[in-house]
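Per numbering that gives the first Met the number 0, the sequence shown starts with residue 0, numbered consecutively. Glycine included, each C-beta is placed from N, C-alpha and C at the ideal position.
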Amino acid sequence: MIDLAATIAINALAIGVLFTVHESGHYLAGLSIGIPRDRLRLRLLSIPPHVALVDGDGTPVSPSAFDRYLDLLTTHTTNVHQQYRFVAGGHVLEWLIVVSSTTVALGSGTDPLITAASLLVYWSLVITGLYLIVDAAGTIVRGYPHGDASGQWSLAPRSTLAFYLVYFGTYLWLARGLGLF
0 MIDLAATIAI NALAIGVLFT VHESGHYLAG LSIGIPRDRL RLRLLSIPPH VALVDGDGTP
60 VSPSAFDRYL DLLTTHTTNV HQQYRFVAGG HVLEWLIVVS STTVALGSGT DPLITAASLL
120 VYWSLVITGL YLIVDAAGTI VRGYPHGDAS GQWSLAPRST LAFYLVYFGT YLWLARGLGL
180 F
């Protein structure tokens, strides 16, 4: 029973780390394109976790309120490349952290580090795969971008395709190196 509880806790921790890193990537990307710190809110305990943009009245606006969120984003930048950086920022930071930590773990040869890296790679693949399905379905049903990937696609389709080919290709290569399949 203790082993089951420990396994659940460790997996939940890995998932929590990934969500935190992902949303922090959006937050940092927002700062990098000039969105003031007081106009960004990390909402890690929301479902789904997200970075809210704060309107002029101080009200945090979730990406699920798409039109308002897009209006707020365009008040900070009309530059498509900067908008893309903000939308992609979550996956970029997540990729950087997972790839670098896995590289360090494999280089160290230390079992606990390799196990931790394996969990991060596994859950990142699973979560992102499921997320892309939900994103695509939501976009089809609603008729506008429903998540990061569809938002990226709406701004730069070819860059988005290349981005996710590298993203998943790297993760699959790491998963193979870790013996996950």
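In the DSSP assignment, A51 forms a beta bridge with R40. Within the model, the alpha-carbon separation for L112 versus R175 is close to 16 Å. Under the three-state reduction of DSSP, P59 is assigned to strand.
Counted as a single uninterrupted DSSP element, the alpha helix (DSSP H) harbouring S117 occupies residues 110 to 141.
V97 places its beta carbon 9 Å or farther from that of L27. The C-beta of V133 has fewer than 16 other C-beta atoms within 10 Å across all chains shown, which makes the residue exposed.
For a cut-off of 8 Å, the C-beta gap from H21 to H90 is around 7 Å, short enough to register as a contact. Apart from sequence neighbours up to five positions away, the residues of its chain that approach P62 with a beta-carbon distance below 7 Å are H49, Y68, ordered along the chain.
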